[in-house]
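Working notes for the structure below.
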Amino acid sequence: AAADEATGEAEAAAQLAAADRLMSWLRGHGAFIDGVRVEAGGGAGRRLVAARDLPAGFCFLRLPASCGLSPSSCLGTDVGKAVQKRHQLVEGGSAEGDEAAEDECEKVTHRSVLYAFLMAASQDDSAPFGPFLAHLRLSGVGTPFSWSTQDRARLPRPLNDDLESYESHILGQYQTLFPSLSEAFPELFPNCTEEAWRRAHGLYSSYDFAASPGSSEDDGVLLPLLDCMNHDSEAANVEWGGLSLEESCGARVTRPVREGEELLYSYGCKGNAELVLGYGFAVWDNPHEAVTVRFEFPGDLDSTADAWLAAAQS
1 AAADEATGEA EAAAQLAAAD RLMSWLRGHG AFIDGVRVEA GGGAGRRLVA ARDLPAGFCF
61 LRLPASCGLS PSSCLGTDVG KAVQKRHQLV EGGSAEGDEA AEDECEKVTH RSVLYAFLMA
121 ASQDDSAPFG PFLAHLRLSG VGTPFSWSTQ DRARLPRPLN DDLESYESHI LGQYQTLFPS
181 LSEAFPELFP NCTEEAWRRA HGLYSSYDFA ASPGSSEDDG VLLPLLDCMN HDSEAANVEW
241 GGLSLEESCG ARVTRPVREG EELLYSYGCK GNAELVLGYG FAVWDNPHEA VTVRFEFPGD
301 LDSTADAWLA AAQS
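Using full-length UniProt numbering, read the sequence shown as starting at 1 and increasing by one per residue.
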């Protein structure tokens, strides 16, 4: 028990140190941060809380576009350039699982470049997104792509079928890139295992946001600090206004929030199947859970209705 407690304390200290380093990096890149702090939870968990009482509508974070980590922002990095030297990127979008990506095994999606970046890029202060990578790599990932065979067997059959189909594409992209990239650029891509690829996918799946509200872009963006927020569609007290330093953008509270209160965000009106596949958790009494119900009526519906009406009036 003492050893477990010491391990937990060390993990919490590492989480907080990474958060402090991330905040310094953000401020150095012109981000506006006010009234919030990161608290470490159990294991790899953490949460964003109010550092003081915040009034309704208070904006606690605005980020310049340069602080958002997206598939497109990785293309000009050393990792992105190395991938493009050996592979052609899918044209006309980067949605995973699309037919173009599946038909051409030597093509890779922009999102796969991001996964390679999450696995292999340097987290030094001077490296692109270095402190953010250090912060992300301490994050918990619980999507079913990383579950054991026994745990996956507990999923409903239709959900498991969706998982296997999606996984086939994701692992196909990994096998297209590796081990060839590691052989060609061993210093840039050491130890890029399938497990690390699954984890990189889980990081993106669990923490991506739309760059702006209502965006129709297939690819989202990883946003520093906001990745610490947990989901609650009913108790959510934060809204996202977009990636920009403009006054109308950023993250703000939707109601008064007391000091120490957790800041919560709604990932959207998602049923449990979508939550499990994308994030690795489900919600008890989920208000957005939907069940398809099919009704079959007799072919001669009018005469049946007339018969019931006549019987009721007799």
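Yeah, the Cβ is synthetic: ideal placement off N, Cα and C, and Gly gets one too. From a predicted model like this one, the values you see are computed outputs, not experimental measurements.
- prompt: If you scan the region 100-168 from start to end, which runs of the beta strand (DSSP E) of 3 or more residues do you find wholly inside it?
  reply: Counting whole runs of 3 or more residues, the region 100-168 contains no beta strand (DSSP E) stretch at all.
- request: Report buried or exposed for A6, applying the criterion of at least 16 other Cβ atoms within 10 angstroms of its Cβ.
  value: In the sequence shown, the residue the question calls residue 6 occupies position 6. The residue in question, A6, is exposed, as its Cβ has fewer than 16 Cβ neighbours within 10 Å.
- prompt: Cβ atoms of A120 and L75: under 9 Å apart, would you say?
  reply: Here residue 75 refers to the residue found at position 75 when the sequence shown is read from its first residue. Here residue 120 refers to the residue found at position 120 when the sequence shown is read from its first residue. Cβ atoms of L75 and A120: not closer than 9 Å.
message: Helix, strand or coil for V257? Go by DSSP, reduced to three states.
response: Walking along the sequence shown from the start, residue 257 turns up at place 257. Strand at V257.
query: Is the Cβ-Cβ distance between G57 and T143 less than 9 Å?
result: One-based indexing of the sequence shown puts residue 57 at position 57. One-based indexing of the sequence shown puts residue 143 at position 143. In this structure, T143 does not lie closer than 9 Å to G57 by Cβ.
message: So, under 8 Å CB-CB, A65 and S244 are touching, yes? Tell me the CB distance rounded to an integer number of Å.
response: Walking along the sequence shown from the start, residue 65 turns up at place 65. Walking along the sequence shown from the start, residue 244 turns up at place 244. The beta carbons of A65 and S244 sit about 7 Å from each other, so the pair counts as a contact at 8 Å.
field: Given 8 Å, three or more beta-carbon pairs between the region 152-168 and the region 209-228
entry: no
query: Is there contact here, the region 11-27 with the region 189-209, by at least three beta-carbon pairs under 8 Å?
result: These segments do not touch.
- prompt: Distance, Cα to Cα, S148 vs P55?
  reply: Translated into the one-based positions of the sequence shown, residue 148 becomes position 148. Translated into the one-based positions of the sequence shown, residue 55 becomes position 55. So the alpha carbons of these two residues sit roughly 44 Å apart.
task: From the DSSP output, in three-state form, read off V90 for me.
output: On the sequence shown, residue 90 is found 90 positions in, with the first residue counted as 1. Note: V90 maps to coil in three-state DSSP.
- prompt: When DSSP builds the beta bridges, which residues end up paired with C59?
  reply: Translated into the one-based positions of the sequence shown, residue 59 becomes position 59. Paired residues: R252.
- prompt: What three-state label does DSSP hand H201 in the structure shown?
  reply: Reading the sequence shown from its first residue, position 201 is the one you call residue 201. Note: H201 maps to helix in three-state DSSP.
message: If I measure Cβ to Cβ from L163 and keep anything under 6 Å in the same chain, skipping five residues before and after, which residues do I get?
response: Your numbering for residue 163 matches position 163 in the sequence shown. Cβ within range, chain order: P144.
query: Is there at least one non-hydrogen atom of the ligand MN closer than 8 Å to the beta-carbon of P128?
result: The ligand MN is not part of this structure, which contains no ligands at all.
message: Rounding to the nearest angstrom, what Cα-Cα distance links G35 and G41 in this structure?
response: For the purposes of this step, residue 35 is taken as the residue at position 35 of the sequence shown. For the purposes of this step, residue 41 is taken as the residue at position 41 of the sequence shown. So the two alpha carbons sit approximately 19 Å from each other.
- prompt: Do you know whose CA, among A200, L264, D151, N160, lies nearest E234's CA?
  reply: Residue numbering aside, residue 234 sits at position 234 when the sequence shown is read from its first letter. Closest by alpha carbon: L264.
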